[in-house]
Amino acid sequence: ANRGDQVSVIGIARELSALFNRPLKFEYAQHDTSMADFKVEIKDSDVCKYYSIGVLKNIAIKPSPDWMQKRLIASGVRAINNVVDITNYVMLEYGTPLHAFDLDKLNGYLCVRRAEEGETLVTLDEVERQLHHDTVVIATEKEPVCLGGVFGGANSEIDDNSKNIALEAAYFTPQANRKSSRSVGYKSDACARFERGVDIEAVKPGLLRAVELMEKYADAKFEGMCETGINKLDPIEITLRYPQIKRVLGCEIEPSKCLSILEKLGFTILGKNEIACKVQVPSFRAGDVTRECDLIEEIARINGYDKITPTLPNRAGTPEISVAERVVNKVHNLMRAAGLNEMQTSSLIGEPLLKQFNITYEKEKAVFVENPASEDFAMLRQTLIPSVLSCMKYNYDNGQKNFWGYEIGRSYVKIGAADEKFSGVNETQVLAGVITGNVQNSLWQQTGEVDFYTVKGIVDKLLEEFGLSRRIKFALLAESPLAESHKCLHPYKTAVLTMLGKKPEIIGYYGEIHPELRGKLKLNQNAFIFKLNLDMLISAVNETVPRFKKLPQFPEVQRDLAVIVPAKTTWDELEKVIKKGVDNKVFSGSEVFDVYQGEHVQDGFKSVAFKIRMQDANSTMTDEAIETQMANVRVALKKAMPELSFRE
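At position 34 of the sequence shown the residue is numbered 38 (our numbering), and the sequence of numbers has no breaks.
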């Protein structure tokens, strides 16, 4: 266990006392204290909560007592002299790291602060260490003299000529101590304790215990102490429910026994009734006992894990799959069914990749890596498009001309400042894909190349499967807010998809890559990309209430119609008119199956062929009824678009 209270003799004694049901014969050291002629200050309270100095004069530096040396050596600590040995002895006994300065080298003042960039300190091992902002230092008014909670400085060390010492006892926060240790590349025994969490209420008693030993074995005269900060934390109170013990452990333990175990471990029972009790956590366990289940673990540990009867579960539980997981799994299946292979690319990209594919990004919203391995991995991607295009280009250059691939990954956009509760980064789950080459990869038959309608079919099928087709509005890229930032796409052969609702939002797009980019990449064939915001898709699926309707008893019919319209006319415009022409009671849907420009079609116009599906819920539609609906469509189209003509 990574417990700070177990790296001391007293901590181990507490455990043994509870295990063997024997009283703990121990009291913290007491000593009369007066205000010393010394000043201490904490400048950065987030790195140090409590700091104290004990002033001792007329120290006699000599070997420590034989019994102390033997105990230190048995604990793996080298004996040096009485002053150093006493600080190490108290650390092993109380779990409180101490440090001794030569008082005459401090000018009566010490402060705890973060190091300033460019500062250096020669430590006790005679190594000059470069200090950083994360490094916690103890400093005089002029310079740092110690790496707080890590290592002493050579400019304030005790030597054989030292007569007066300043004895330090402090509480450095685990997070700050860990960062400080890493910043200078050194880890000491004191570090190991501060990182795990020192008992803040044992810091001052640890100093007084050292003073007691110094007076006895170093002939020291205690001049008093000075302190700043807080040496007591707000107590943690937890309610323990007795039924919850059985629910967690699977066995019953008498409430009286539970309370007895907790009291032996140093917990205080503030109140109790038949079903629960309120427990106060001791300061030496404040770092790891914070919840009800932690108390139950303590009870089970002391009571004995061997007393928990092994039992098989009554039934196998079936884990629930969330809506998000179901949607993502279904998207994977739909992509594979459409013939696409899954890709997995790195979330880290660089500006060279973005420039290669003519993709712009918002620098102020980019999440940069502090120490990137190279400029190719300098930031988290804001879009998956460069990743999938890079994969397609690699395959194309290596002879794989028919490439259909997709990736489900995350994009990252900086939206604010980071703090303890919020990273400041918005992560969005995204589906992105690219297709190029033939519609069907075959060695024995000729197949056509992929086109706009191939990628449209893939995306439309996905939206249809989730029942969202009717909530999507299409627009040309050239007429959307994405036009400026998506120059890698053809402005007039790319559809931008907007999810309709209380607040319409762009959910994605699909289309052909820009001819300039195709030439830049030296592609001899068209390539098409698509992107969908899966988080929005999941939210839409969550909001959609399934509605069931009776299966149709009568057959659906379809009729084809071809029209010649101005080249700028969109399918969205045509479909709106078609819906007005067909009776709502029989209209099932419509879809394009051919667009043609060339011979027999005048310049500036195009031929659009589409299907109209109809179905009557009450009877089979007769030829006469079908023809009536088609005639209404022709009239509506001609009225709405005078330049339109029909193809036979």
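Ideal placement from N, C-alpha and C gives every residue a C-beta, glycine not left out.
Between the Cα of I306 and those of N25, V13, V612, spot the shortest distance and give me the residue it belongs to.
Translated into positions along the sequence shown, residue 306 becomes position 302. The shortest C-alpha separation from I306 is found at N25.
Counting only the same chain and skipping the five closest in sequence on each side, list residues whose C-beta sits under 7 Å from that of M503.
Stepping through the sequence shown from its first residue, residue 503 is reached at position 499. Excluding sequence neighbours, M503 sits near R475, I476, E509, I511, M540, A544.
So, helix, strand or coil for V545, using DSSP?
The count along the sequence shown starts at 1 and reaches residue 545 at position 541. Residue state, collapsed to three classes: helix.
At which residues does the alpha helix (DSSP H) containing T127 begin and terminate?
Position 123 of the sequence shown, counting from 1, holds the residue named residue 127. Note, T127: premise wrong, no alpha helix (DSSP H); not H, not E.
Reduced DSSP category for M347 - H, G, I as helix; E, B as strand; rest coil:
Taking the first residue of the sequence shown as 1, we reach residue 347 at position 343. In this structure, M347 counts as coil in the three-state DSSP scheme.
Does the stretch 385-398 come close enough to the stretch 360-376 to have 3 or more Cβ pairs within less than 8 Å?
yes
Could you work out which residue in A173, V131, L217 is closest to K53 when comparing CA atoms only?
Within the sequence shown, numbered from 1, the residue matching residue 53 stands at position 49. The option with the nearest alpha carbon to K53 is A173.
Own chain, CB closer than 8 Å to I312, minus 5 neighbours either side, in chain order
Here residue 312 refers to the residue found at position 308 when the sequence shown is read from its first residue. Taken in chain order, the residues that qualify are L253, G254, C255, A304.
Going straight from the alpha carbon of S446 to that of K583, what length do you get?
Position 442 of the sequence shown, counted from the start, is the residue given in the question as residue 446. Position 579 of the sequence shown, counted from the start, is the residue given in the question as residue 583. Because the pLDDT of S446 is 49, which lies under 50, any placement of that residue in the model is unreliable, and the number read from its coordinates should be weighed accordingly. If you take the alpha carbons of S446 and K583, they lie about 39 Å apart.
Just tell me which of T127, L76, N442, Q348 has its CA closest to the CA of V188.
Your numbering for residue 188 matches position 184 in the sequence shown. Comparing Cα positions, the closest option is T127.
Are I240 and V285 touching if we call contact CB-CB under 8 Å?
As a working mapping, residue 240 is identified with position 236 in the sequence shown. As a working mapping, residue 285 is identified with position 281 in the sequence shown. Yes, these two residues count as a Cβ contact at 8 Å.
Is the CB-CB distance between G388 and G413 below 8 Å?
Residue mapping note: residue 388 aligns to position 384 of the sequence shown, counting from 1. Residue mapping note: residue 413 aligns to position 409 of the sequence shown, counting from 1. Position check: residue 388 holds Leu in this sequence, whereas Gly was assumed. Result yes, Cβ atoms of L388 and G413 sit closer than 8 Å.
Range of the contiguous beta strand (DSSP E) that encloses A566
The residue you call residue 566 lines up with position 562 of the sequence shown. Unbroken beta strand (DSSP E) run through A566: 561-570.
Would you be able to state if there are at least three C-beta pairs under 8 Å between the stretch 316-336 and the stretch 41-56?
With contact defined as three or more Cβ pairs closer than 8 Å, the stretch 41-56 and the stretch 316-336 are not in contact.
Is the CB-CB distance between L110 and L211 below 8 Å?
Residue mapping note: residue 110 aligns to position 106 of the sequence shown, counting from 1. Residue mapping note: residue 211 aligns to position 207 of the sequence shown, counting from 1. Going by C-beta atoms, L110 is not nearer than 8 Å to L211.
Considering only residues of the same chain and omitting the five flanking positions on each side of S21, which have a CB-CB separation below 8 Å?
By one-based count along the sequence shown, residue 21 stands at place 17. Cβ within range, chain order: P27, L28, K268.
Check whether the stretch 486-500 and the stretch 512-524 are in contact - that is, three or more C-beta pairs closer than 8 Å.
Cβ pair count under 8 Å is three or more, so yes.
At what residue ranges does the stretch 268-295 contain a whole run of the beta strand (DSSP E), taking only runs of 3 or more?
272-276, 280-285
What is the DSSP secondary structure of I90, counted as helix, strand or coil?
Counted from its first residue, the sequence shown places residue 90 at position 86. In the structure shown, I90 sits in a helix (DSSP, three-state: H, G or I).
Measuring alpha carbon to alpha carbon, tell me which residue in G593, E31, I16, E227 is nearest G58.
The count along the sequence shown starts at 1 and reaches residue 58 at position 54. Checked all of G593, E31, I16, E227; the closest Cα to G58 is E227.
Less than 8 Å between the C-beta atoms of A119 and L135, yes or no?
What you label residue 119 is simply residue 115 of the sequence shown in a count that begins at 1. What you label residue 135 is simply residue 131 of the sequence shown in a count that begins at 1. Closer than 8 Å, so yes.
At the level of alpha carbons, what is the spacing between G441 and G409?
One-based indexing of the sequence shown puts residue 441 at position 437. One-based indexing of the sequence shown puts residue 409 at position 405. For G441 and G409, the distance between alpha carbons rounds to 12 Å.
To the nearest angstrom, how far is the alpha carbon of V116 from that of V51?
Taking the sequence shown and counting its residues from 1, the one referred to as residue 116 is at position 112. Taking the sequence shown and counting its residues from 1, the one referred to as residue 51 is at position 47. Roughly 8 Å separates the two Cα atoms.
Three-state secondary structure (DSSP) of M95
Reading the sequence shown from its first residue, position 91 is the one you call residue 95. Of the three classes helix, strand and coil, the one that applies to M95 here is helix, per DSSP.
Decide yes or no for the touch test of the stretch 589-601 against the stretch 617-630: beta carbon pairs closer than 8 Å, at least 3 of them.
Enough Cβ pairs lie closer than 8 Å, so yes.
Using the three-state DSSP reduction, which class does F552 fall into: helix, strand or coil?
In the sequence shown, residue 552 corresponds to position 548, counting from 1. If DSSP states are grouped into helix, strand and coil, F552 belongs with coil.
Below 8 Å on the Cβ atoms is my contact criterion, and I expect V569 with L648 to pass it. Report the Cβ-Cβ distance as a whole number of Å.
Against the sequence shown, residue 569 aligns to sequence position 565. Against the sequence shown, residue 648 aligns to sequence position 644. Contact holds; Cβ gap of about 5 Å.
With a cut-off of 8 Å, do at least 3 Cβ pairs link the stretch 230-246 to the stretch 279-298?
Touching, per the Cβ criterion.
Among P314, P356, Q386, K359, which residue has its Cα nearest to the Cα of A370?
Counted from its first residue, the sequence shown places residue 370 at position 366. Among P314, P356, Q386, K359, the Cα nearest to that of A370 is on Q386.
Please report the straight-line C-alpha distance between I63 and G291, rounded to a whole angstrom.
Here residue 63 corresponds to residue number 59 of the sequence shown, with the count starting at 1. Here residue 291 corresponds to residue number 287 of the sequence shown, with the count starting at 1. Here the alpha carbon of I63 sits roughly 37 Å from the alpha carbon of G291.
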